[in-house]
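Have a look at the structure below, then the notes.
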Amino acid sequence: MAKSVLNKFKIRKGKVFEAPLEEAFGRLVTPFEEFIHRQSSSGILLMLSALAALIIANSPLEDAYKHLLHMPISLNAGDWEFSLSLHHWINDGLMAIFFFLVGLELKREFMVGELSDLRQAVLPVMAAIGGMVVPALIYAAFNAGGEAERGWGIPMATDIAFAVGCIALLGNRVPRAVVTFLVALAIVDDLGAILVIAIWYTEQVNVAALIAAGCLIVIMWLLKAAGVRNSPAYVFVGILLWYEFYLAGVHATIAGVITAMALPAKPKYDPVAFSTFVKDIIRSFDRCFRPGDKIIANDALRARVMALGNGVNLAQSPLQRMETRLHIPVGFLVIPIFALANAGIPFDSFTSSAAVFNPVTLGVIAGLVFGKLIGIVGATWIGWKLGLGKLPKLASFQHIVGVALLGGIGFTMSIFISELAFSGEGDLLIQAKAGILIASVIAGIAGFLVLRAAPVSEEFDAQADDEDVEQGEDSGDQPESTEKGGNATQENPGRQS
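Count along the sequence shown starting at 1, add 168, and that's the number in the working numbering.
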């Protein structure tokens with residue numbers, strides 16, 4: 169979005185300098201950048217990581233794979249030592265970053281997003297609740313009374329990266345409001361999963377560490393009350409909070425969500441204040457500038473450029489800046505690593521009837537595929553019939569069915585909860601993961617096909633055409649300067665980046 173807006177503006181005066189290989193490097197990097205920013209890309213990488221884990225776990229590399237995951241990694245400072253296996257660092261450490269991003273998205277959605285308007289939020293919230301309660305009940309029915317009953321939270325989750333990735337593959341065939349409905353539903357679903365983890369999958373609590381964690385939470389809120397907008401300050405306290413939660417027996421990833429909730433969500437400057445500030449700085453800059461001046465050699469110009477940069481930061485909330493920075497590393501590093509570390513299970517978990525036809529695997533499959541379908545569609549229909557909310561614009565109930573099926577892609581969150589529910593229970597954990605993988609494949613394919621077959625209204629066709637035209641205008645070819653470092657005029661602007 170930022171790049172498409174930038175491309176609308178041309179450098180009409182002055183010089184635009186380029187490094188000798190900048191243009192060639194830009195042509196090389198641009199396709200990679202486009203792939204990174206494509207919505208479906210993180211889902212594709214996640215799928216490849218899961219596939220790689222399955223192949224490695226069923227190859228001669230299996231022992232090395234397990235040995236690597238159980239390798240201890242320690243932090244030491246004097247007499248203090250903190251040691252976890254690589255597997256635990258991934259599940260408890262890296263995933264805290266994922267939950268930090270989830271917390272940022274939750275806060276934004278409830279403040280200014282789809283969930284900020286009660287009328288708009290009712291149906292996605294009802295759909296999410298139905299999509300959590302029904303799958304949990306179905307799983308519990310399969311496993312009532314046994315030790316596997318602890319896994320009732322596994323089919324409640326939705327993997328938003330996979331689900332949105334599947335919709336993105338359909339391009340303009342799916343109304344934008346349907347995508348928004350799915351994202352809002354998945355955000356509420358994530359909130360439910362966080363509550364389940366915090367309340368039901370917390371072990372014996374260390375009161376002293378919990379009190380220390382409470383003090384750190386107070387410190388974060390004091391930072392916010394004092395107007396501190398430096399994100400690293402919150403991250404530093406959040407890391408300490410993660411450590412105290414780990415000692416307390418509360419799942420440490422919850423620290424990521426709490427830190428996100430403490431991060432300021434309002435910018436210092438509103439649009440009017442920012443516009444006034446920028447105009448004043450530019451006027452001051454122009455007064456100080458003399459032909460031939462270079463910013464690097466002129467203290468007055470450099471001070472105004474730095475002030476302009478600070479103003480740009482103050483016009484964006486710390487929450488907004490952090491969320492933007494984290495999307496790519498979480499989508500392309502954290503989640504794929506988690507999949508690589510947790511999706512490796514033996515193929516005989518899928519091939520033998522005993523491995524598939526057991527209460528845990530069947531409960532997970534039934535919960536994710538049928539439970540999500542019944543819960544999401546049923547709750548949406550009830551809310552719609554009662555007049556509590558409206559269906560997404562240009563959407564039919566076939567779209568809702570497709571979304572409900574995609575909601576059955578539990579993958580990342582379901583595997584995460586299964587690791588908590590069946591920690592130390594090897595057979596139950598493998599059965600749960602087998603069910604998650606089978607259900608996610610079934611739900612993903614079924615949801616994709618249902619949405620692909622959904623009727624496209626003439627009004628939606630017109631909307632899609634308008635979006636294509638707008639994108640074409642944003643990214644349309646613009647003339648570039650033929651003189652590197654030369655004067656850039658309106659017909660001869662500098663290279664866009």
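For every residue, glycine included, the Cβ atom is placed at its ideal position computed from N, Cα and C.
Taken through DSSP and simplified to helix, strand or coil, S443 comes out as helix. In this chain, the alpha helix (DSSP H) harbouring S399 covers 399-416.
Within the same chain, G321, M324, I585 come within 8 angstroms of V364 by CB-CB distance, once the 5 residues on both sides are set aside. For N526, the secondary structure class from DSSP, reduced to helix, strand or coil, is coil. Within the same chain, Cβ atoms closer than 6 angstroms to the Cβ of G557 are found at V290, L291, G551, the five residues on either side in sequence being excluded. Straight-line measurement puts the Cα of L619 at about 12 angstroms from the Cα of A611. Rounded to whole angstroms, the separation of the alpha carbons of A264 and L216 is 22 angstroms.
Contact check for I583 and N526: beta-carbon distance about 18 angstroms, past the 8 angstroms limit, so the pair fails to qualify.
Secondary structure within the region 570-610: the alpha helix (DSSP H) runs of 4 or more consecutive residues, fully enclosed, are 579-589 (chain order).
If you draw a straight line from the Cα of F268 to the Cα of L476, it comes to about 29 angstroms. Between V532 and A607, the CB-CB gap stays under 8 angstroms. Cβ-Cβ distances below 6 angstroms link V293 to V356 in the same chain, with the five nearest sequence neighbours on each side left out; the list follows chain order.
Distances from the CA of T529 to each of L350, L482, Q599, L588 were compared; the closest alpha carbon is that of Q599. Between L431 and M490, the C-beta spacing is below 8 angstroms. Membership of N311 in the alpha helix (DSSP H) is indicated by the continuous run 286-311. Contact annotation: A329 and G576 have beta-carbon atoms that are not nearer than 8 angstroms. Around the beta carbon of T427, a 10 Å sphere encloses 16 or more other beta carbons of the protein chains shown; the residue is thus reported as buried. Buried is the label assigned to V571, since at least 16 other Cβ atoms lie within 10 Å of its Cβ. For P228, the closest of H495, S591, G543, P514 by C-alpha to C-alpha distance is P514. For A245, the pairing in a beta bridge is given by DSSP as W248. Per the Cβ contact rule, the region 390-403 is not in contact with the region 229-246 (fewer than 3 Cβ pairs under 8 angstroms).
Close CB contacts of V405 within its chain, under the 6 angstroms cut and outside five residues either way in sequence, are with L384, I387, M388 (chain order).
Sequence-distant Cβ neighbours of M279 in its own chain, meaning closer than 6 angstroms and more than five residues away, are A433. P343 is not bridged by DSSP to any residue. In the pairwise beta carbon analysis, the region 244-262 is classified as not touching the region 342-349: fewer than three pairs are separated by under 8 angstroms. If you ignore the 5 residues before and after D461, its C-beta comes within less than 7 angstroms of the C-beta of L469, all in its own chain and listed in chain order.
For I604, the closest alpha carbon among the candidates A245, P486, L305, G512 is that of G512. P240 carries a strand assignment under DSSP once its states are collapsed to helix, strand and coil.
Note on S591: under 16 other CB atoms within 10 angstroms of its CB, so exposed under the neighbour-count rule. G546 is positioned such that its CB atom lies no closer than 8 angstroms to that of A304. Leaving aside the five residues that flank A563 on each side, the residues in its chain whose CB is nearer than 8 angstroms to its CB run, in chain order, P343, A345, V346, F349. DSSP places F457 outside any alpha helix (DSSP H), giving it a letter other than H or E. The three-state reading of DSSP puts S227 in coil, since its state is none of H, G, I, E or B.
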